[in-house]
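Heads up, the thing below is written out as structure tokens.
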Amino acid sequence: MAICSELLAHGVCRTELCTASHILDFFCSSCNLICDSEHTFKAHLAGRKHRATTKTPTQTTCLVCSAALPNSNPYTLNQHSQGSAHQRRLSQLDDAPDPWYSITDAELPAHLIRCDACSSNIPQGIWAQHISKDSHIRRSRVANFQSILRETEQDRHGVEVSHGARADSTDSSVGIDFGTIDPSSAREVKKVITLRLNTPANITLSTVRLASAAGQSTRVAPQFHVPETPSVTLPLKRLLSLSIYFRPLGHRGYFSDRLELTFRDTSLRKSFTITRPLRATVGNASDLEQLRPSAPYVRPPPRPRRDRETKLVDGIKPPSQRIEWVVDLPKAIIPSQLQSILESHTGVNAKLTRIRQLPGMHGGLAGAGYASYSRFWEILLHVEEHQAEVDLERYDQENVELSRHSSYFYLKVPGLAEKRPSVLVGDSIKVRPHNPSATNNTTWYIGYVHVVRKDEVGLRFAPRFLPPIGTRFDIRFCLNRIPVLRMHQALATAFSEPRVLFPALAHEKRQLTTRNVRTINPLVGQNPPQLLAVNSIMSLPPGSPPFIIFGPPGTGKTVTAVETMLQLLLADSTTRVLAIAPSNSAADLIARKLLESGKVRNGDLLRLNALSRNPESDSIHPLVLANSYVRDGSFRFPGVDRLLLDDTEYNRYRKSDQNAIKPLNAYRIVVSTCVTASVPYQLGIPRGHYNWIFVDEAGQACEPEVMISVKTLASSATNIVLSGDPRQLGPVMRSPVALQLGLGLSYLERLMNTEMYNPLAMRGRTVVKLSKNWRNHPSILRYPNERFYANELEACASASVTNSLLAWSELGRAGFPIIFENIAGMRQDMREASSPSWYNPMEVSRVKDYVRMLRDLRRPHISTTDIGVITPYNQQVQHIRRMLRASNGEGIKVGSVEEFQGQERKVIIVSTVRSSAQEVEFDLRHTLGFVANDRRFNVTITRAQALLVIVGDASVLDLDPLWRAFLTYVHQEGGWKGVPIPWEGDASNAYSANQRSTMAINDLASLIERTRTMNLSLGGGEAGDADDTDVQEGNVNRPWREDE
């Protein structure tokens, strides 16, 4: 529907029955464009012109050098300012100016003309051509309309309307603000405006109406209301009052409209209109006040590149980390050619193009083959490590104090509790005395972390580090290279068996004849897919291709893997198993289930922990800790301590702790993370010592991470079992370059993309898909089951858990355990101070409300461990945590989707945050948020056992056909709350593949569909180019690694 031409020309529409659109919500400030519908607005945001406009850098001039720098960005400016020519000219000036100014803010060169409508500088020679272009004419109309709209807010012809802009005010906002209204209020809120005629004239107030009521628009804001007002002549110098009402209707959010007052001068027979914007906020006033930005968001200036460290003084490592390895780690220095590419000030696409031209990179991994397999992954690891180092620089500090206690120096680390940055025992931090005026201040002292507390770390330096009291320091955080070096070490080994790296049907061996096992876990015996997986793995001959347990959410893939391990151990006394997982929590779960089975003899299992892990962590189960090796308050590696002790100490220690020094190779089953799985190899355990290698949650590990154990410890007879779900999130990557080159594609998913692992054709031979879901209520499982798992999953969870909240009074419909509360957004997402991460105060407040209501329940009792809160942005995570700590929510886990993968909660509350469609492209470029990311959606929805609550803005979520279809399902089932559904929510909006395809073409979203395709094929993806600063801003929301 076209926008009313009279509205565009005059700022108001006087046509009684005008059928055109009068909604002006869809304005793109970047392009100076008004769209006539939400559909057109979304298509515009997805278009090339909008993306080009938002990515076009401003031309900048250096006043010192009198030089224009085209296509400048913070890095090229910094590079120029550090150049010898600039520095020489700068030193010659007595009063040096600020060297940078935007050419748009300065006096233009004579050959350029400024076009404010198009926000660009046009050469004189083509000015006439430019102003005749349709794009300029359209933007000029928009600029003219905005000017007209501002004019309608001005008092005129002697009529003064209250709530206008004050003459002495610098605040450009005018209008009637109803303030923040309690959503529980059932009464209308009234505001009164006054009209006054200040000059003698015959003026009549002829009509009073709301802009939203004009025309036939479907996006009427029903909350605002003005009574029908008869025509009235304005008395001279006397106030005339007019009432405006707002009805909350229980809908939370931010609401707006425009009041139009039309007057007629009967003497002159002329009409004119004065307008006032209307605004209202419905929510918890106290919460929203607390959540106001601490300061307006200002994009911080780029940090200058780290100067060269010409001299390093090494510190003292923790005792537990002084190990004499049999096999040392490589240095793995990044090649200079690759370093040059990564440090070039170009976008992601340019870097990709150059890296793909390097030897071994053409054609990706398939093109690399056996010959270049290791080189391919080594290059990707270098790329990812480089980005991690750049991201870590964000946390560097200047001019800070170190407090000394005994031999330790303590450093305050803001964000440490949230692992931003992540600092572990054994990590190193570089310091130097703060002296900005010194030209040779290049000696840095390396301190090793011995103590990690909530917000500070304890460091030990070399004995010569004796700074005077009061000395202040510059701080640099160092990336722990151990994980990536262990991957490089594994890739460099000779192991390259085709049946493991590139398995094919020719590698399949005839299965051994094995009778059906008697299951240890009776539930496995009653579950045909699980039993098939156990029997199939037991029947594998030595040296078979990897076997995959394809476990959709809640189907018991870890239970299946544990049952199989136990059966293998019981069937053959010579069997030895290495069981690994990407995270400590997943590895702990494997160890705990094995130990709780009662079939693992004392001393047969070792939970091998990284030395940096804290044994006192509450997250470690006592049974797991009892089967770990701890000494002097630190985790240790068996067989290592003998090298650290002299004979007297060794004999004394051996007598007091006989069991703890059992050799590593004496354990029948070793459980560790993927990274720590290199320890047996580094300590001298021979290849083939372990008959079986099990990798749980294999979809969350990048391929080189899995290869740490496989390429260092597997022999030609070793069998490998992977368990995971390629439909869920893959490994977390920080580099968009590495992501697009394939580092985000897990080994598990790569194999499952081949016919060798087709779940139907190869069932029981190379793969088994589990199908009984033991987690979710059927209504929660229904949509992801249909969308991602061909409707093959069967809801089998205990009704005592999944049905426990079906009678909760806050449900939209009793018996349906999903709530979507639509909150009207501000159409502007919020950031604060120097943090580029986003947050939504209204959603923070509403999450707190839901937690409070759940915690207040008596039957069933909901504990803090029963609730999980998922949100994609770090700033939203921090605000929700703070709010919950103050309101009986301490202990509730709040985090990103990645932090919840592999976990479940009785109740999951989701805050989607976004309320501005213009910012969705940021998410698409950085694979953040919930739009166009099927895997993130799938994991989010399937964490909930009994209740799923989602708070968000449907007008943004419906950009994505996947979300639109899911929300339609929720609406059809009665789970919708808040602002009414903004599209037809009946059966005609069914979520068939056909319908999704149609929506993708017609309703937005080539950009979203492209991004979805890249996410599915690469384990992530980028929707468009991005510069280095852009990448760093996106990475603020990504979690850092946990313990190794």
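Residue numbers 1 to 1044, in full-length UniProt numbering, belong to the letters of the sequence shown in order. Beta carbons: idealized from backbone N, C-alpha and C, even for Gly.
- request: Quick one: using the 10 Å Cβ neighbour count with 16 as the cut-off for buried, is V232 buried or exposed?
  value: It is exposed - the Cβ of V232 has fewer than 16 other Cβ atoms within 10 Å.
message: Using DSSP's beta-bridge definition, name the partner residues of W976.
response: Beta-bridge partners assigned by DSSP to W976: F820.
query: Exposed or buried, which one is K133 when buried takes at least 16 other CB atoms within 10 Å?
result: It counts as exposed.
field: Whole alpha helix (DSSP H) elements within the region 116–158, 4-residue minimum
entry: The DSSP assignment places complete alpha helix (DSSP H) segments of no fewer than 4 residues inside the region 116–158 at 127–131 and 134–152, in order along the chain.
Residue range of the beta strand (DSSP E) that includes G895: Boundaries of the beta strand (DSSP E) around G895: K893 to G895.
task: May I ask you to report which of helix, strand or coil DSSP gives S422?
output: If DSSP states are grouped into helix, strand and coil, S422 belongs with coil.
query: Do S845 and L291 have their C-beta atoms closer together than 9 Å?
result: Cβ atoms of S845 and L291: closer than 9 Å.
field: Nearest-angstrom Cα separation, counted from V431 out to Y395
entry: Taking the straight line joining both Cα atoms gives about 13 Å.
- request: For the region 303–348, list the alpha helix (DSSP H) runs that are entirely contained and at least 4 residues long, ordered along the chain.
  value: Here the runs fully enclosed are 336–342.
Inter-residue Cα distance where the pair is A610 and Y690: Just so you know, the alpha carbons of A610 and Y690 end up roughly 20 Å apart.
query: Quick one: any contact between the region 772–781 and the region 532–548, if contact means 3 or more CB pairs under 8 Å?
result: Touching, no.
query: Can I818 and E705 be called in contact, C-beta distance under 9 Å?
result: Remark: C-beta atoms of I818 and E705 do not approach each other more closely than 9 Å.
Straight-line Cα distance separating T443 from Q124: Roughly 54 Å between the two C-alpha positions.
query: Are K320 and V413 touching if we call contact CB-CB under 9 Å?
result: A small fix is needed here, since residue 320 is Ser in this sequence, not Lys. No. Outside cutoff.
message: Please determine whether the Cβ atom of R252 lies at a distance below 8 Å from any heavy atom of the ligand PLP.
response: In terms of ligand content, the structure shown is empty, and the ligand PLP therefore cannot be addressed.
- prompt: If you compare alpha carbons, which of D696, I693, L594 and W983 is closest to A954?
  reply: Per the C-alpha coordinates, the member of D696, I693, L594 and W983 positioned closest to A954 is W983.
message: Here's a check: name, in chain order, each residue in its chain whose Cβ is nearer than 6 Å to the Cβ of I181, leaving out the five neighbours to either side.
response: Here the set comprises V189, P248 and V282.
task: For E401, I'd like the list of residues in its chain whose CB is within less than 7 Å of its CB, leaving aside the five on either flank, ordered along the chain.
output: Shown here for E401: same chain residues with a beta carbon closer than 7 Å to its own, the five before and five after excluded, namely R472 in chain order.
- prompt: According to DSSP, which residues form a beta bridge with P433?
  reply: Beta-bridge pairing links P433 to F473.
Cα-Cα separation between Q216 and V559, rounded to whole angstroms: In this prediction, Q216 scores a pLDDT of 44, lower than 50, which makes its location untrustworthy; the coordinate-derived value is nonetheless stated afterwards. Between the alpha carbons of Q216 and V559 lies a gap of roughly 58 Å.
message: Checking 9 Å against the spacing of the C-beta atoms, do I880 and S911 come in under that value?
response: Going by beta carbons, I880 and S911 fall inside the 9 Å limit.
task: Sort out for me which residues DSSP pairs V847 with in a bridge.
output: In DSSP, V847 forms no bridge with anything.
- request: Output the distance between the C-alpha atoms of S809 and A946, rounded to the nearest integer angstrom.
  value: So the alpha carbons of these two residues sit roughly 14 Å apart.
field: Coil, strand or helix - T564 by DSSP
entry: Looking at T564 - three-state DSSP - the assignment turns out to be helix.
message: Taking only three categories from DSSP, how would you classify N691?
response: Correct three-state label for N691: coil.
- prompt: Is residue 1098 buried or exposed, if buried means 16 or more other CB atoms sit within 10 Å of its CB?
  reply: Since the first residue of the chain shown is 1 and the last is 1044, residue 1098 is not available in this structure.
- request: Identify the continuous beta strand (DSSP E) that holds Q397 and give its terminal residues.
  value: Q397 -> beta strand (DSSP E) spans Q397 to E401.
query: Excluding five sequence neighbours on each side, which residues of the same chain lie with their C-beta closer than 8 Å to the C-beta of G415?
result: Around G415: Y395 and P421.
- request: Please determine, among T204, V208, Q223 and S206, the residue with the shortest C-alpha to C-alpha distance to R187.
  value: The candidate whose alpha carbon is nearest that of R187 is Q223.
- request: Classify W774 as helix, strand or coil using the three-state DSSP reduction.
  value: Look at W774 here: in three-state DSSP terms it is coil, with no helix or strand label.
field: Three-state class that DSSP yields for C4 in the structure shown
entry: C4: coil per DSSP, three-state reduction.
task: Under 6 Å Cβ to Cβ from D474, same chain only, skipping five residues before and after it: list those, please.
output: Sequence-distant Cβ neighbours of D474 in its own chain, meaning closer than 6 Å and more than five residues away, are E398, R432 and H434.
message: Using the Cβ count rule (16 or more neighbours within 10 Å means buried), how would you classify N719?
response: With a 10 Å radius around the Cβ and a threshold of 16 neighbouring Cβ atoms, N719 comes out buried.
- request: At 4 residues or longer, and completely inside the region 544–610: list those alpha helix (DSSP H) runs for me, N to C.
  value: Uninterrupted alpha helix (DSSP H) stretches at least 4 residues long and entirely within the region 544–610 occur at 557–571 and 584–596, given in chain order.
- prompt: Hey, out of P277, R264 and R269, whose CA is closest to R258's CA?
  reply: Per the Cα distances, P277.
message: Cutting at 6 Å between CB atoms, please list the residues of its own chain near Y873, excluding the five before and the five after it.
response: Cβ within range, chain order: S837, W838, V913 and N1037.
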